[in-house]
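Read through the structure below, which is laid out as structure tokens, and then see the notes.
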Amino acid sequence: GQVDMFQFKIEQEPQTEQERRDKALTKRWQVQLGFDIEGLGPMFCQLSLAGNNMAVTFWAAWENTLAQTKAHFNFLEQALTDMGIHVEKLQGHLGIPENDRTGVRNQLVDIKT
């Protein structure tokens, strides 16, 4: 009976004028996910993708949640590798970044009203 909120932002990273002229360059994408699940607390994730190369960073407000997240890094890296993605960086940090642009905040929403 609980509602969990996930907020996503997907955008192409801006290119310089030189990069726009060079058609051989791969487009770079950035995906941001923000969520606050009961029992895990607030979390934020940012994925940067350029071609088949990816960097993934997680932030967790709670130390226990960060430890649980890091415990699954090997599984995540292997799953991405199996899909043909080269994981350049996979890291986790305690706390939520100040530039959390998804706007996820603790909110109580009554969906029955």
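Residues in the sequence shown are numbered from 2 upward in steps of one, following the numbering used here.
Cβ coordinates follow ideal geometry from the N, Cα and C atoms, glycine included.
Count the other C-beta atoms from every protein chain shown that fall within 10 angstroms of the C-beta of residue i, then say buried if there are 16 or more, exposed otherwise.
{"i": "P98", "result": "exposed"}
{"i": "G40", "result": "exposed"}
{"i": "D83", "result": "exposed"}
{"i": "F76", "result": "exposed"}
{"i": "F7", "result": "exposed"}
Take residue i as the anchor and find which of the options has the nearest alpha-carbon.
{"i": "S49", "options": "E14, K71 and F74", "result": "E14"}
{"i": "H94", "options": "F7, Q47, E78 and R29", "result": "Q47"}
{"i": "V57", "options": "Q8, Q31 and I11", "result": "Q31"}
{"i": "R29", "options": "A72, T66 and E12", "result": "E12"}
{"i": "Q92", "options": "G42, D37, W60 and G35", "result": "W60"}
Straight-line CA distance for residue i to residue j?
{"i": "A51", "j": "I86", "result": "10 Å"}
{"i": "G96", "j": "T27", "result": "32 Å"}
{"i": "E89", "j": "A62", "result": "24 Å"}
{"i": "T70", "j": "N54", "result": "21 Å"}
{"i": "K10", "j": "Q33", "result": "5 Å"}
{"i": "H73", "j": "M44", "result": "15 Å"}
{"i": "L109", "j": "I38", "result": "Summary for L109: the model assigns pLDDT 39, below 50, so the residue's position carries little reliability, and this model does not support an answer."}
Going by the DSSP bridge assignment, what does residue i pair with across the sheet?
{"i": "N54", "result": "A51 and H87"}
{"i": "M44", "result": "F36 and A61"}
{"i": "Q13", "result": "W30"}
Pull up the CB-CB distance for residue i and residue j, whole angstroms please, since I reckon it's below 8 Å.
{"i": "G35", "j": "T66", "result": "Their Cβ separation, rounded to whole angstroms, is 14 Å, which puts G35 and T66 out of contact at 8 Å."}
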